[in-house]
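Input: a single structure, listed below in structure tokens.
Protein chains: 2
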Amino acid sequence: MTETKTRSILKSLSWRAMATICTILLVLVLTGEIHLAISAGLIEVVLKLILFYAHERIWLKVPFGTEQDAEKAPAVVLWLTGLSGAGKSTIAKILIQHFKSQGERVQWLDGDVTREFIPATGFSREERDRHVLSTGFTARLLEQNGVNVVASYISPFRETRAKVRAMCKNFMEIHLSTPLELCEQRDVKGLYQKARAGEIKDFTGLDSPYEPPDSPELRVTTEGRTPEEVAQEILDKMRRRYGTNDAS
Amino acid sequence: MTETKTRSILKSLSWRAMATICTILLVLVLTGEIHLAISAGLIEVVLKLILFYAHERIWLKVPFGTEQDAEKAPAVVLWLTGLSGAGKSTIAKILIQHFKSQGERVQWLDGDVTREFIPATGFSREERDRHVLSTGFTARLLEQNGVNVVASYISPFRETRAKVRAMCKNFMEIHLSTPLELCEQRDVKGLYQKARAGEIKDFTGLDSPYEPPDSPELRVTTEGRTPEEVAQEILDKMRRRYGTNDAS
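Chains as they are written, first to last, in my numbering: chain A, 172 to 419; chain B, 172 to 419.
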């Protein structure tokens with residue numbers, strides 16, 4: 172705990188003003204002697220200004236009851252995996268807003284955004300793997316530095332997700348298990364249509380496999396539920412596993 | 172600024188104990204009446220406990236002079252570029268220690284470490300570029316989240332470094348311009364010997380080019396200087412550009 176000496180001095184003065192007026196009135200009421208009351212007040216000002224300042228500075232050495240003393244929930248990595256159109260980005264955005272509203276550091280890692288910055292990343296198995304591993308490494312470093320991570324990646328391969336899990340500490344694999352038919356029906360980005368027309372190759376769920384997690388921390392469908400409900404379920408699960416600062 | 176109410180209450184009590192003893196002695200000395208002094212003390216205890224607690228809670232609303240109020244120097248990305256053996260990692264370690272000793276968040280990104288986590292990264296121009304860009308993207312995210320970054324990468328290509336610079340905000344390109352002859356003579360990892368023997372291909376400085384920066388924020392040789400001196404020069408330059416919390 173630190174604060175500047177100027178702050179301690181200003182605080183001492185503001186307290187003295189209030190407290191000495193109180194003392195003068197008190198002595199006046201008890202004795203009825205105005206001169207005595209003012210003398211007491213004047214001596215008190217000098218003595219207690221020094222005393223109060225010392226008291227303030229001593230308490231700054233005591234971490235009890237301060238922000239630094241509060242037990243912070245650790246940073247977590249929420250890894251959303253699932254088909255294109257399963258609802259990953261939509262739910263990620265709600266999760267991000269939640270962390271921000273709690274005043275916590277958080278970074279959204281999204282497949283589409285990462286690919287803008289790291290070019291020449293295609294969709295072959297090898298390229299996907301490298302892209303996911305590279306993202307996992309970034310998530311690891313952010314987590315280690317106290318930044319929560321929400322990652323929304325199709326990340327179709329079990330083995331690659333296991334490697335990412337091994338890199339991170341507080342890792343939650345969240346499988347958005349929205350059925351392929353529904354994802355294709357939604358087709359938010361028009362990608363299924365393009366893939367069906369043969370304009371996109373290696374499209375997960377069609378001509379490239381999606382390997383669902385065997386034992387994710389959470390498996391949840393967005394079918395017949397609002398994104399807010401799904402996000403809430405993820406946050407509840409997270410709280411049970413890692414605790415939270417929400418009560419603060 | 173937050174602190175728990177329990178802390179404010181304990182602080183109020185500890186102050187009251189000190190201050191009321193002081194008041195009782197003061198009234199006793201001024202009037203010579205022990206009963207009056209004790210009455211004054213007792214009334215004061217009740218009145219001022221409440222007053223002090225209120226005063227504490229009000230000051231918690233005032234950010235002036237607190238840590239949150241202090242102007243924090245922004246996070247920076249110190250990008251060390253230069254030949255193998257130029258001293259990048261050695262100097263990076265000293266820089267990292269400096270940030271830590273200041274209580275600042277900092278992450279070291281090092282070519283050798285990153286390559287452990289993201290496999291299948293070779294040394295062709297394309298593979299180097301992707302590796303450096305991927306690192307640059309990680310540096311960007313760490314910087315955005317208030318984590319300082321020290322990156323030690325050969326990063327031989329001007330264009331690629333320019334892309335990394337464009338991704339980050341407070342970016343300092345630091346060219347460790349130790350001459351090739353000296354790097355080869357040091358040959359800490361025995362890589363020059365292997366490259367000369369033809370065991371390593373695409374070795375920067377030998378059969379792969381190094382494009383020195385045209386206008387780096389700092390160009391410094393480790394020839395005839397200790398790593399500590401070079402690190403100090405980098406830190407001085409950084410302070411002049413971005414300010415520092417050192418005075419706090």
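Built from N, CA and C at the ideal position, the CB exists for glycine as well.
Contact set for residue i: own chain, Cβ-Cβ below 7 Å, skip 5 residues either direction
i, result
"Val216 of chain B", "Arg187 and Thr191"
"Glu399 of chain B", "Ile265"
"Asp281 of chain A", "Ser260, Ala263 and Ser323"
"Glu382 of chain A", "Pro327, Phe328 and Arg329"
"Thr194 of chain B", "Ala211, Gly212 and Glu215"
"Glu204 of chain A", "none"
Short CB-CB distance (under 8 Å) between residue i and chain B
i, result
"Asp341 of chain A", "According to the sequence displayed, residue 341 of chain A carries Asn and not Asp. Taking Cβ atoms only, chain B never reaches closer than 8 Å to Asn341 of chain A, which makes this a no."
"Thr177 of chain A", "yes"
"Ala190 of chain A", "yes"
"Thr194 of chain A", "yes"
"Gly274 of chain A", "no"
"Arg228 of chain A", "no"
"Thr263 of chain A", "One detail in the question is off: residue 263 of chain A reads as Ala in this sequence, not Thr. Chain B contact via Cβ: absent."
"Phe235 of chain A", "yes"
"Ser379 of chain A", "no"
"Thr331 of chain A", "no"
"Lys429 of chain A", "Outside the shown range of chain A, which is 172 to 419, sits residue 429 of chain A, and nothing can be said about it."
"Lys219 of chain A", "yes"
"Ala211 of chain A", "yes"
"Phe308 of chain A", "yes"
8 Å Cβ shell around residue i - same chain, five flanking residues per side excluded
i, result
"Arg411 of chain B", "none"
"Glu404 of chain B", "Leu389 and Val391"
"Asp417 of chain B", "Note that Asp417 of chain B scores a pLDDT of 46, beneath 50, so its modelled location is shaky and nothing firm can be said."
"Ala295 of chain B", "As written in the sequence, residue 295 of chain B is Ser, which differs from the Ala given in the question. Closer than 8 Å at the Cβ level, and outside the excluded window around Ser295 of chain B, lie Asp373."
"Leu471 of chain A", "Nothing about residue 471 of chain A can be reported from this structure: the residues present for chain A run from 172 to 419 only."
Reference residue i, options the options, closest by Cα
i, options, result
"Lys232 of chain B", "A:Lys182, A:Ala257, A:Thr202 and A:Pro387", "A:Lys182"
"Glu330 of chain B", "B:Thr309, B:Arg299, B:Tyr413 and B:Ala310", "B:Arg299"
"Arg311 of chain B", "B:Thr392, B:Val391, B:Ser386 and B:Trp250", "B:Trp250"
"Ala402 of chain B", "B:His346, B:Glu314, B:Pro383 and B:Phe342", "B:His346"
"Gly274 of chain B", "B:Ala246, B:Pro234 and B:Arg301", "B:Ala246"
"Ser305 of chain B", "B:Leu197, B:Gly376 and B:Cys339", "B:Cys339"
"Phe223 of chain B", "B:Ile180, B:Ala368 and B:Ser295", "B:Ile180"
"Ser326 of chain A", "A:Leu220, A:Phe270 and A:Thr252", "A:Thr252"
"Glu297 of chain A", "B:Leu201, B:Ser295, B:Ile289 and B:Gly376", "B:Ile289"
"Pro279 of chain A", "B:Phe270, B:Leu313 and B:Trp279", "The amino acid at residue 279 of chain A is misidentified as Pro; the sequence shows Trp. Nearest of B:Phe270, B:Leu313 and B:Trp279 to Trp279 of chain A, Cα basis: B:Leu313."
"Val335 of chain B", "B:Phe308, B:Arg357, B:Glu355 and B:Ile229", "B:Phe308"
"Arg286 of chain B", "A:Ile205, A:Arg301 and A:Gly293", "A:Arg301"
"Leu220 of chain A", "A:Glu204, A:Thr177, A:Thr397 and A:Leu184", "A:Leu184"
"Met189 of chain B", "A:Glu227, A:Gly203, A:Ile205 and A:Gly369", "A:Glu227"
"Asp378 of chain A", "A:Pro387, A:Ser386 and A:Arg367", "A:Arg367"
"Trp230 of chain A", "A:Glu174, A:Gln356 and A:Gly203", "A:Glu174"
Integer-rounded CB distance, given that residue j should sit under 8 Å from residue i
i, j, result
"Ala208 of chain B", "Leu218 of chain B", "Contact doesn't hold; Cβ gap of about 16 Å is too wide."
"Arg276 of chain A", "Gly317 of chain A", "6 Å"
"Val248 of chain B", "Met343 of chain B", "7 Å"
"Gly376 of chain B", "Ala244 of chain B", "With 8 Å as the limit, Gly376 of chain B and Ala244 of chain B do not qualify as a contact, their Cβ atoms being about 35 Å apart."
"Ile267 of chain A", "Val321 of chain A", "6 Å"
"Ala225 of chain B", "Leu201 of chain A", "About 23 Å; that fails the 8 Å criterion."
"Arg332 of chain B", "Pro380 of chain B", "No, Arg332 of chain B and Pro380 of chain B are not in contact; Cβ-Cβ is about 13 Å, not under 8 Å."
"Leu440 of chain A", "Ile214 of chain B", "Because chain A here runs from 172 to 419, residue 440 of chain A falls outside it and cannot be looked at."
Spatial neighbours of residue i in its chain, beta-carbon cut-off 6 Å, leaving aside the 5 residues before and after
i, result
"Lys408 of chain A", "Leu389"
"Ile371 of chain A", "Lys365"
Beta carbon proximity, residue i to chain A, threshold 8 Å
i, result
"Thr397 of chain B", "no"
"Phe294 of chain B", "no"
"Ser305 of chain B", "yes"
"Asp417 of chain B", "Confidence is the limiting factor: at Asp417 of chain B the pLDDT is only 46, short of 50, which leaves the residue's position unreliable and the question unanswerable from this model."
"Trp186 of chain B", "yes"
"Phe288 of chain B", "yes"
"Pro350 of chain B", "no"
"Leu197 of chain B", "yes"
"Val248 of chain B", "no"
"Phe270 of chain B", "no"
"Ile214 of chain B", "yes"
"Phe328 of chain B", "no"
"Glu174 of chain B", "yes"
"Ser260 of chain B", "no"
"Arg301 of chain B", "yes"
"Ser323 of chain B", "no"
- Query: Does the region 251 to 259 of chain B touch the region 362 to 382 of chain B, meaning 3 or more C-beta pairs lie closer than 8 Å?
  - Reply: Yes, they touch.
- Touch test, the region 378 to 398 of chain B against the region 343 to 354 of chain B, Cβ-Cβ under 8 Å, three pairs minimum: The region 378 to 398 of chain B vs the region 343 to 354 of chain B: in contact.
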